[in-house]
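> When we follow UniProt numbering, the leftmost residue of the first sequence carries the number 1, and every step to the right adds one.
Even glycine gets a Cβ: it sits at the ideal position worked out from N, Cα and C.
Please read all numbers here as calculations on a predicted model, not as lab measurements.
Below you'll find the structure I mean.
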Amino acid sequence: MTFPLTRPHATPATEAEAVERQLRLRDHTVLDSSGPAPGEPGTVVVGVDVAYDDARDLVAAAAVALDAASLEVVARATAVGRVDFPYVPGLLAFRELPTVLAALERLTVAPDLVVCDGHGLAHPRRFGLASHLGVIGDLPTIGVAKNPPPPPVREAAPGPAAERGSTAALLDPATGEEVGLALRTRDGVKPLYVSPGHRTTVDDARAHTLHLARGVRLPQTTRLADRLCREALAAA
DNA sequence: GCGACAG
DNA sequence: ATCTTGTCGC
């Protein structure tokens, strides 16, 4: 696949420059349109993830495409690159996206939805990894993270009930706006933190995540992409 | 001033 | 993210 308003993302030289770029891209985020319906037959859901090798300074990315109804794998792709931006909470996209984009370009099918391993709207500046990928690739995206977003985003008081499907709002303390959800995908386990990225809604993030995580905590997309990028890294 | 901080 | 065995529970 090819990317429209895209490409040659020169890595920012400083954190300040990265933040400026986030704020500029943020204006292009679309949050008032719903993505595809969960489990819609014929739609393609793609999971992306990355793995690092600090010793060799390498990063491997994987994109795994599933049929939204059957959850069968329909395509896979990987890419390996060099790490050229440090890990900075709030600026993950600049570390991971170049390689993720390379993997997505090698995918032979067009994603109807991309599930990212990280936050979307639930981000200190409302523009997490999932938002960034969505805008850059003009793709519907959602963010699914294993840990809460960095402050000032905070979880609404009573944590989610212990049952699968229960939620607690993630709020922007300044505006009171709901930017995502803590979502339990299995009874009695730690919740996931989901939020819309681009061309999706909070409820899309919730519904798709639940649909993709049947009997397991993490979405199938994330599990498969995680496994594949580790393999790609080991083979590099 | 000190701590917290997606992957 | 990554380094890593066994162990508790359904």
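Less than 7 Å separating the beta-carbons of A145 and Y193?
Indexing the first sequence from 1 puts residue 145 at position 145. Indexing the first sequence from 1 puts residue 193 at position 193. Taking 7 Å as the Cβ cut-off, A145 and Y193 qualify as a contacting pair.
> Taking all protein chains shown into account, do 16 or more other C-beta atoms lie within 10 angstroms of the C-beta of E96, making it buried, or fewer, making it exposed?
Numbered from 1 along the first sequence, position 96 holds the residue referred to as residue 96. That one is buried.
> Straight-line CA distance for P151 to D84?
For this step, residue 151 is matched to residue 151 along the first sequence. For this step, residue 84 is matched to residue 84 along the first sequence. Their backbone Cα atoms lie some 25 Å apart in a straight line.
> Taking just the CA atoms, how far does E163 sit from V100?
The count along the first sequence starts at 1 and reaches residue 100 at position 100. The count along the first sequence starts at 1 and reaches residue 163 at position 163. Their backbone Cα atoms lie some 33 Å apart in a straight line.
> On the three-state DSSP scale, how would you describe residue 261?
One cannot answer for residue 261 here, as it falls past the ends of the chain, which runs 1 to 236.
> Using a Cβ-Cβ cutoff of less than 6 Å, which residues in the same chain neighbour Q220 once the five nearest sequence positions on both sides are dropped?
Taking the first residue of the first sequence as 1, we reach residue 220 at position 220. Closer than 6 Å at the Cβ level, and outside the excluded window around Q220, lie L71, L212.
> Determine the burial state of R214: buried for a count of at least 16 other Cβ atoms within 10 Å of its Cβ, exposed for fewer.
Translated into the one-based positions of the first sequence, residue 214 becomes position 214. Under this definition R214 is an exposed residue.
> List, from N- to C-terminal side, the beta strand (DSSP E) runs of 3 residues or more that fit wholly inside the stretch 30-113.
Correct list: 44-53, 58-67, 73-82.
> Kindly indicate which residue of D138, D172, P140, L133 has the alpha-carbon position closest to the one of P148.
Here residue 148 is taken as the residue at index 148 of the first sequence, counted from 1. The shortest C-alpha separation from P148 is found at D172.
> If you reduce the DSSP assignment to three classes, tell me which class L5 lands in.
Against the first sequence, residue 5 aligns to sequence position 5. The pLDDT assigned to L5 is 45, lower than 50, so where the model puts this residue is not dependable; a value taken from the coordinates is nonetheless given after this. In this structure, L5 counts as coil in the three-state DSSP scheme.
> Drop a sphere of 10 angstroms on the beta-carbon of S131, count the other beta-carbons inside from all chains shown, and report buried for 16 or more, exposed for fewer.
Reading the first sequence from its first residue, position 131 is the one you call residue 131. With 16 or more other Cβ atoms within 10 Å, it is buried.
> Considering L181, what are the terminal residues of the beta strand (DSSP E) in which it resides?
Within the first sequence, the letter at position 181 stands for residue 181. Per DSSP, L181 belongs to the beta strand (DSSP E) from 178-183.
> What number of angstroms, rounded off, separates the C-alpha of R186 from the C-alpha of G180?
For the purposes of this step, residue 186 is taken as the residue at position 186 of the first sequence. For the purposes of this step, residue 180 is taken as the residue at position 180 of the first sequence. So the alpha carbons of these two residues sit roughly 18 Å apart.
> Hey, is the stretch 47-56 in contact with the stretch 223-230, meaning 3+ C-beta pairs nearer than 8 Å?
Yes, they touch.
> For the candidate residues R125, R184, A60, A69, whose alpha-carbon lies nearest to that of R24?
As a position in the first sequence, residue 24 is number 24, starting the count at 1. Taking only the C-alpha atoms, the option nearest R24 is R125.
> Among the candidates R106, R206, G81, whose CA atom is the shortest distance from the CA of F94?
For this step, residue 94 is matched to residue 94 along the first sequence. Here the closest residue by C-alpha is G81.
> Relative to the C-alpha of A168, which candidate in A182, T29, C116 has its C-alpha closest?
For this step, residue 168 is matched to residue 168 along the first sequence. Ranking the options by Cα distance to A168, first place goes to A182.
> For the structure I just gave you, are there three or more beta carbon pairs, one from the stretch 26-35 and one from the stretch 53-61, closer than 8 Å?
No contact exists between the stretch 26-35 and the stretch 53-61.
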